[in-house]
Each structure stands twice: as C-alpha cells, then as structure tokens.
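Residue numbers (our numbering): 1 to 286.
Note sheet for the following structure.
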Amino acid sequence: MPDSVSRPAASPASPAPAHPHAATLKRLEHSSGRLAARAIQRMDETLPWYRAMPPEHRSWIGLVAQAGIAAFTEWFRHPEAPQAISTDVFGTAPRELTRAVTLRQTVEMVRTTIEVMESAIDDVAAPGDEAVLREALLRYAREIAFATAQVYAQAAEARGAWDARLESLVVNAVLSGEADEGTVSRAAALGWNAPEYVCVLLGTAPDGDSELTVEAIRRAARHAKLQVLTGVLGSRLVVIAGGSDNPLAVAKSLIGPYAAGPVVAGPVVPDLLAATRSAAAAAAGL
C-alpha cells in the first residue's frame, strides 16, 4: 500500500495588527461630519468673503472642508503611507475653485478648519491620546499647507499656458491681417480693455527663452503705463501696444528686450481690429 502523506492544514491568515490608537481613530471617524459642519459655521461667522459668495461656491468650500477632515482621518490611520493630499482634499471641487477663491482665502479656509479640529481634540481623542492626536494634526496642517500651495501653483501654470496660447492667437491674427471679433474677445479675456490708441512694433527677437523676453516686454510696458499683447513668432518679436498716440515714444519705451537691429513701429490706429494696418506698415518697414 502506498504511503499517504497528509497535507498540513493551512494556518489561518494573521489578522491585521490593531491600530495603536484604535479608539481615537473610531471617534475621529464618527466626528468627521460634525467637525465639517462646525468648520463651515465658523467660516460663515468669521470670514466675510465666504458669506458673500454664491451658494455654489460655498458648497464647493464645504466639500473641501469635509474632504480635508476625511483626509486627516486617513492620515491618522496610516501616518507612514504616502498620500496625495492635494488630490484627496482639493479633488472634490472643480478647477474653477482656484478662480473663484484666492490663495489667501483658501489659506484662511484651511486655517479655520484646522482650528476647529484642534479645538475638538479633547473631545475626540480617547483618554491619553490627546497629545498624539494634536501632534498628528500639526503635521497634517503642515502638509495641507504645502498641498494648498501646490494646487494654486499648478492652476497658475495652467492659466499661464492657456493665456499664452490665447495671446499667440491674437498676435498671429493681427500680424496676418485676419483679426476679427473673435480676436477682440480673446484679447479682452487677457485683460486688454480697448485702449484708444494702438500701434504694432516689430523687430528681431533675442536668442534664449522667449518667455523671459515676453516678461521683459511686460515689465517695460507696465513702467511706461502701456497695455501690450506680445509674442515671439519665429525670429520676430511682435508687440501690440495700446495707450499712447506717439509710436516713437512707444518704441523707445519697449525697445530694450529686442535684439540688435531695427525696431519698426507702425502708425497709430484706433483699435485692435485696425491694428492689422499698423502691423502691415511695420512689416513693410523692416
């Protein structure tokens, strides 16, 4: 008779280790809704800009406050696990939040929520866990501050890229003689407020980063109290300038960022649609 070998019985899976502060974690989970409601009430009492917001924006902020408290609960549950706080907290609201709510206002919102959570530590923490919960909240507050800055930096970067694309479309339309009402609308979205006098400058773009060149033009324009729409198209640096009836003075004010060589200013025209004529004259003069 062949020998039989019994397979050893499988040992049951080891249970996950209990959280060292399980009682506090459970109380924190049960308190999250109440804390979020209290944070929203505190904002309504102490932040005038929050009270003045339309209901839709206030609801976004309420969602962010709730998500922030829920994210802290997960942070406390797994303090060593990498967590994308910016996604966990700010992913609940649409991107428009960063346009409707300034960075300063968001900082005030976060600070108010953290203060409400901190004031509830003695009630939420299990006996003996008060210091542990307070330390965790302080570390989380630091991380959420970094996450807030990151969200607004990314939003600013996205807006900058979109604005640069719009500006390029406007400059191209004027230079090619194809400016229309759509061009005017795009310019308005960029802050162009229909100045009375407009002229176009053309010259050679310098080598190097075109974004730095564009920013140098903007600085010079601010100093000269001019409005500008500008861009580097191939080897040309194009500036549509508004606010002066003296094209020579405009050229002298903005010539600094151009490369060596001629810079030609077209004649002054009354508006952006007519700037195609100024651009054509400047191009003919190069």
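All C-beta atoms in this analysis are idealised placements derived from N, C-alpha and C, irrespective of residue type, glycine included.
This one's a predicted model, so the numbers in the text were calculated from it and none came from an experiment.
When the five nearest sequence neighbours on each side are left out, the beta carbons in the same chain lying within less than 7 Å of the beta carbon of Ser253 are those of Ala220, Ala224 and Leu226, in order along the chain. Restricted to the region 165–191, the alpha helix (DSSP H) segments that are unbroken, complete and at least 4 residues in length are 181–189, listed in chain order. When beta bridges are read from the DSSP output, Thr204 appears opposite Arg236. Minimum Cα-Cα distance from Ala22 among the listed residues Arg99, Phe76 and Leu272 corresponds to Phe76. The shortest C-alpha to C-alpha distance from Ser119 to any of Ala39, Asp163 and Phe72 is the one to Ala39. A Cβ-Cβ separation of about 6 Å places Ala279 in contact with Gly266 under the 8 Å criterion.
In this structure, the straight-line span from the alpha carbon of Thr112 to that of Val101 is close to 15 Å.
In the three-state DSSP reduction, Thr230 falls in the strand class (E or B). Following the DSSP letters along the chain, one finds Leu254 inside the alpha helix (DSSP H) bounded by residues Pro247 to Leu254. Within its own chain, the residues whose Cβ lies closer than 7 Å to the Cβ of Arg186, once the five positions on either side in sequence are excluded, are Leu166, Leu169 and Val170, listed in chain order. Counted as a single uninterrupted DSSP element, the alpha helix (DSSP H) harbouring Glu45 occupies residues Ala22 to Thr46. With a beta-carbon spacing of about 7 Å, Tyr258 and Pro206 fall inside the 8 Å limit used to define contacts.
Apart from sequence neighbours up to five positions away, the residues of its chain that approach Leu286 with a beta-carbon distance below 8 Å are Leu202, Gly203, Pro262 and Val264, ordered along the chain. Contact between Arg218 and Val232 does not hold, since the beta-carbon distance rounds to 13 Å and is not under 8 Å. When the five nearest sequence neighbours on each side are left out, the beta carbons in the same chain lying within less than 6 Å of the beta carbon of Val200 are those of Ile240, Gly266, Ala275, Ser278, Ala279 and Ala282, in order along the chain. Annotation: the continuous alpha helix (DSSP H) that includes Met109 extends over Leu103 to Ser119. Secondary structure of Val132 (DSSP, three-state): helix. By the neighbour-count definition (other C-beta atoms within 10 Å, threshold 16), Asp129 is a buried residue. Closest in alpha carbon position to Ala141, among Met117, Ala164 and Ala131, is Met117.
Secondary structure of Gly261 (DSSP, three-state): coil. Taking the Cβ atoms as the reference, Ala126 lies roughly 4 Å from Thr24, within the contact range of under 8 Å. Distance from Ser32 to Ala71 at the Cβ level is roughly 10 Å; contact not present, criterion being Cβ atoms closer than 8 Å. Beta-bridge annotation (DSSP): Val198 is paired with Gly242 and Val269.
Excluding residues up to 5 positions away in sequence, Thr276 lie with their Cβ nearer than 6 Å to the Cβ of Gly177 in the same chain.
For His223, the enclosing alpha helix (DSSP H) has its first and last residue at Ser210 to Ala224. By alpha-carbon distance to His30, the top candidate from Asp123, Ala161 and Ala65 is Asp123.
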